[in-house]
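With the first letter of the sequence shown counted as 1, position 17 gets the number 17 in the UniProt record's numbering; the numbers rise by one all the way through. Yeah, the Cβ is synthetic: ideal placement off N, Cα and C, and Gly gets one too. So the structure is just underneath, and the comments pick up after that.
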Amino acid sequence: MQSEHHETLFSIFSRTHPPDYLPNGRMTELSFAKTFLSSLDSRPLKLQPDYTANPKIVELNGPYTLPKMPTPFKRATSSGLLDEAAQKPSAINVTLKSSRNPVLSLSLPSTDLGTTVLDFKQKVASDVKLEGTEKVRVLYNKKPAGDLKTLKELVGDESLEAGQEIELGVMIMGYRDADAAKTEDSTTKGTKCETTVAQGPSGEEVLGGEEFWADLKGFLVQRIRDEKKAKEVFDSFRGCWEQR
């Protein structure tokens with residue numbers, strides 16, 4: 001197996017140059033290295049990677065211009081802004097709907113986008129004959145909306161068109177129909193009157209009957225849990241009452 005042979009720069013130089021070219025007909029490797037480095041020093045230095053030319057000394061061959069943009073910027077025109085504003089509607093149709101008690105469906109055509117949730121609550125309260133809006137809740141996408149929010153803020157960035165309809169959910173907490181409440185109140189009052197009329201004897205009539213004293217004796221026995229003591233208390237109480 002032949003071994004690899006690596007030639008040095010000195011061996012190549014010695015082989016390519018005749019002996020009469022070299023001083024004294026021969027040159028050592030050390031003297032060759034010195035001569036080679038001296039020749040490199042005479043050559044111009046290489047520029048550093050961060051080298052920048054002085055524009056006052058070095059003249060540019062041609063003007064430097066920025067490359068063109070692939071797509072030019074569009075300038076906004078007043079007519080374009082007006083067209084965009086004209087495309088956005090200022091009013092839409094709104095439906096206030098409740099599927100629970102009370103079942104409700106109110107259509108509000110051409111409702112201004114500046115209408116607040118409180119305005120919708122007042123409309124619902126007026127329709128179902130409520131005194132205030134505390135029990136009314138307005139929902140959008142199944143989420144309650146604050147009173148100060150406008151219709152425009154509710155729909156957000158949704159693309160709106162003229163004549164488009166938006167549905168808002170309605171909930172009335174603890175709702176009770178006014179007519180049913182009146183009927184219930186009248187029924188309760190009638191029951192109270194009947195109860196008053198149907199009352200039994202009172203006062204001296206109760207104390208004069210044996211039923212009251214029997215109930216009192218049973219209560220004392222149950223409370224004291226000693227029949228003898230309960231009888232003493234009962235006899236003392238009844239005796240004092242009869243001798244008054």
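Practice problem: Can you tell me which of the three DSSP states T115 falls into? | Solution: Translated into the one-based positions of the sequence shown, residue 115 becomes position 115. Per DSSP, reduced to three states, the secondary structure at T115 is coil, with no helix or strand assignment.
Quiz item: Excluding sequence positions up to five away, which residues of its chain have a Cβ less than 7 Å from the Cβ of K154?
Solution: Counting from 1 along the sequence shown, the entry for residue 154 is found at position 154. This sequence places Leu at residue 154; Lys is not what is there. Here the set comprises Y140 and A145.
Quiz item: In whole angstroms, what is the alpha-carbon distance linking E227 and F234?
Solution: Here residue 227 refers to the residue found at position 227 when the sequence shown is read from its first residue. Here residue 234 refers to the residue found at position 234 when the sequence shown is read from its first residue. Taking the straight line joining both Cα atoms gives about 10 Å.
Exercise. Helix, strand or coil for L45, going by three-state DSSP, please let me know.
Key: Along the sequence shown, read from residue 1 onward, the residue named residue 45 stands at position 45. Under the three-state reduction of DSSP, L45 is assigned to coil, being neither helix nor strand.
Quiz item: Which of helix, strand or coil does DSSP assign to L108?
Solution: In the sequence shown, residue 108 corresponds to position 108, counting from 1. Looking at L108 - three-state DSSP - the assignment turns out to be strand.
Quiz item: Would you call the CB atoms of T150 and L113 closer than 9 Å?
Solution: In the sequence shown, counting from the first residue as 1, residue 150 sits at position 150. In the sequence shown, counting from the first residue as 1, residue 113 sits at position 113. For T150 and L113, yes; Cβs fall inside 9 Å.
Quiz item: Taking buried to mean at least 16 other C-beta atoms within 10 Å of its own C-beta, is N212 buried or exposed?
Solution: The residue labelled residue 212 in the question sits at position 212 within the sequence shown. The residue you asked about is not Asn; residue 212 is Phe in the sequence shown. The Cβ neighbour count for F212, taken over all protein chains shown within 10 Å, is under 16; the residue is labelled exposed.
Quiz item: What does K143 pair with, by DSSP beta-bridge criteria?
Solution: Counted from its first residue, the sequence shown places residue 143 at position 143. Partner(s): Y140.
Quiz item: Between L118 and the rest of its own chain, which residues show a CB-CB distance below 8 Å, the 5 nearest in sequence each way excluded?
Solution: In the sequence shown, counting from the first residue as 1, residue 118 sits at position 118. The residues are T133, D147 and L148.
Quiz item: Taking the continuous alpha helix (DSSP H) assigned at A230, which residues delimit it?
Solution: Counting from one through the sequence shown, the residue named residue 230 turns up at place 230. Counting along the chain, A230 sits inside the alpha helix (DSSP H) bounded by residues E227 to E242.
Quiz prompt | Through-space distance from F36 to T28, alpha-carbon basis | solution = If you number the sequence shown from 1, residue 28 lands on position 28. If you number the sequence shown from 1, residue 36 lands on position 36. T28 and F36 have their alpha carbons spaced roughly 12 Å apart.
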